[in-house]
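Engineer: Numbering (the numbering used here), first residue to last: 73 to 676.
(1) Taking C-alpha atoms, which residue in 198, 490, 121 and 153 lies nearest to residue 94?
(2) Exposed or buried, residue 162, counting other C-beta atoms within 10 Å across all chains shown (16 or more means buried)?
(3) May I have the straight-line CA-CA distance separating residue 453 from residue 489, to the nearest angstrom?
(4) Compare the beta carbon distance of residue 586 and residue 550 with 9 Å and say whether it is the shorter of the two.
(5) Which residue comes first and which comes last in the alpha helix (DSSP H) that contains residue 228?
(6) Counting only runs of 4+ residues fully inside the region 123-154, write out the alpha helix (DSSP H) ranges in chain order.
(7) To the nearest angstrom, how far is it from the Cα of residue 636 to the Cα of residue 613?
(8) Smallest Cα separation from residue 308: which of 373, 169 and 358?
(9) Going residue by residue through the region 303-367, where are the continuous alpha helix (DSSP H) segments of at least 4 residues, counting only ones entirely within it?
(10) Give me the residue from 382, 502 and 415 with the minimum Cα distance to residue 349.
(11) On the DSSP bridge list, what partners appear for residue 508?
(12) Between the Cα of residue 591 and those of 554, 615, 671 and 217, spot the shortest distance and give me the residue it belongs to.
(13) Spatial neighbours of residue 136 within its chain, please: CB distance less than 8 Å, with the 5 preceding and 5 following residues excluded, ordered by chain position.
(14) Per DSSP, which one or two residues make a beta bridge with residue 618?
(15) What does the Cβ neighbour count give for residue 491, buried or exposed, with the cut at 16 atoms within 10 Å?
(16) For residue 561, count neighbouring Cβ atoms within 10 angstroms of its own Cβ and tell me buried if that reaches 16, exposed if not.
(17) Within 8 Å, do at least three Cβ pairs link the region 399-410 to the region 322-342?
(18) To the nearest angstrom, how far is it from the Cα of residue 151 to the Cα of residue 85?
(19) Just to check my reading of the structure: residue 568 and residue 658 have Cβ atoms closer than 8 Å, yes? What is that Cβ distance to the nearest angstrom?
(20) Would residue 532 pass as an interface residue toward chain C - the criterion being a Cβ-Cβ separation below 9 Å?
(21) State whether the region 158-176 contacts the region 315-327, with contact taken as three or more CB pairs (one from each stretch) at a distance under 8 Å.
(22) Could you round the C-beta distance between residue 260 and residue 158 to whole angstroms and report it? I think they count as a contact, below 8 Å.
(23) Please list the terminal residues of the continuous beta strand (DSSP E) segment that includes residue 533.
(24) Between which residues of its own chain and residue 623 is the CB-CB distance below 6 Å, once the five residues before and five after are set aside?
(25) Counting only runs that start and end within the region 617-657, where is the beta strand (DSSP E) found for 3 or more residues in a row?
(26) So which of 267, 211, 179 and 239 has the shortest CA-CA distance to residue 683?
(27) If you draw a straight line from the alpha carbon of residue 574 to that of residue 444, how long is it in whole angstroms?
(28) Between the beta-carbon of residue 449 and the beta-carbon of residue 508, is there less than 9 Å?
(29) Note the first and the last residue of the continuous alpha helix (DSSP H) segment covering residue 525.
(30) From the DSSP output, which residues share a beta bridge with residue 482?
(31) Expressed to the nearest angstrom, what Euclidean distance is found between the alpha-carbon atoms of residue 144 and residue 130?
(32) Which residue marks the beginning of the alpha helix (DSSP H) containing residue 562, and which one marks its end?
(33) Rounded to the nearest angstrom, what separates residue 581 and residue 640 at their Cα positions?
(34) When you compare each of 630, 367 and 178 to residue 548 by their alpha carbons, which one comes out closest?
(35) What three-state label does DSSP hand residue 591 in the structure shown?
(36) Could you tell me which residues DSSP puts in a beta bridge with residue 671?
In structure tokens, the structure reads:
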């Protein structure tokens, strides 16, 4: 199991801090007091959950405790999901093993669950789905040990049953359907002995423990149900769609193989197969019946509580079908192959929760802009066409909550005329000094060129700050009313002036990004270049950036010097202008070596 858990941990951990949060994850932080400057106590969390139609306060309480101990960075908060996701995989092993007495069943179920692409996605999402699966598998295992296992149960299975039962009520409302399915199995199939009475008492106590919140939430849930219907009208899954989606996502597209495994799991005698099959089918039927009335099923993730039971059932099917170590091993690998393949399919991961409508490179924008942000700066995220800004307003607020730069979101909706589009652009850019313009290169907005063309009337392009698979980011600076060399900080000869757009950073990490503006007069074209030279403490050249000198009344250049290979220490940055044919430097007033010192940077 240890190699399997390490694999699952890696599948989840590799995305803990590489993807931007999306709308629902910021929604989570808002409900637990994890947003900057917006703390909440437990009574406030309780009241907020009472107005929300899917999540009782159990997940929020648990996450709030976690965040209080480890902090609210996306990495730390998302690690909560990974932690309980790993516990779920481990408990699925115990469920399969204890149901059948066969460790191979447990391992097969745990491997199928942990390697599945759908489940793996939620190992790094800041939502409560892995806690939901954990309390589910805990309750399923504990019930079996307390009521049906041959060995007499001790205190721990009974305690775990109470915790799991309360968890099913308090973590996700759909967990109640699983609780009811286990309860129905208990009434129909468990021997009516002393253990039956003890388990019945534990179940009743679990329900009673939920009553305080049920009473508190009654009014809020009624109101929440009303607004929820506006969502379900366009995205509700009916029963056939839900069953198809359940099979497709759990099997990672290998529906035929998993249908065979479930057939072999349930087509035979045994208490384990009866328990797993009855609870699985009953919970599914109850869910679909309730949904016919309330129409709350808008995404198959609400049924992820069935995943451990599906995985354990598939494990039973593998062992019954395989009948030998080699065959069982082959079936396990065949069952997890599709999931492992989809784990590395970026498009599948992107489409998990609404695709490109919800996901934009906010984290990458913040990481690129924040080290350079100044008062008067504006960061603009241009959405793909037909995406509303309300989907991303919370993300903009979250990532730029303490930035000196303003942040705006540019829409490009189908019913928006070009005139309205440009009016919106001017509302954003007028009065700003610099514009950091960003979009996702995989979904380039149709009116991007129109935006940048209008921007060019008042601003000049400095250059591309980032051009990756996740983000395209460009920096523009406003053109002064009457640019002249004499107004610049650094003079070269009689007709060239330069200035830095921002102070040099005190410390450089991997690269040094330097936006520099030029004002030029009458100089020969294609003759002069400029150089930014980084000198070590002995005055030796350590790194440099060279480019052609812009010939324009006002121009901007984005220079980047890579410093990650330099030895730690202090480095002086010098600016020179030189004739690239002869190497002769343009004269600098009061300088014997014709260069301007721009400052000192420390490389660590």
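Quick reminder that beta carbons are idealized off the backbone N, C-alpha and C, glycines included.
Structural biologist: Taking the coordinates as given:
(1) 198
(2) buried
(3) 19 Å
(4) no
(5) 227-243
(6) 129-142
(7) 15 Å
(8) 373
(9) 311-322, 327-338 and 343-366
(10) 382
(11) 451 and 547
(12) 554
(13) 104, 105, 106, 112, 114 and 117
(14) 603
(15) exposed
(16) exposed
(17) yes
(18) 8 Å
(19) 7 Å
(20) In summary, chain C is missing from the structure at hand, where a single protein chain is found.
(21) no
(22) Rounded, the Cβ-Cβ distance is 34 Å, inconsistent with contact.
(23) 531-539
(24) 592 and 597
(25) 627-634 and 641-651
(26) Residue 683 falls outside the range modelled here, since the chain spans only 73 to 676, and no answer is possible.
(27) 7 Å
(28) yes
(29) 520-527
(30) 454
(31) 18 Å
(32) First-last for residue 562: 562-564, but that is the beta strand (DSSP E), not the alpha helix (DSSP H).
(33) 10 Å
(34) 630
(35) strand
(36) 645
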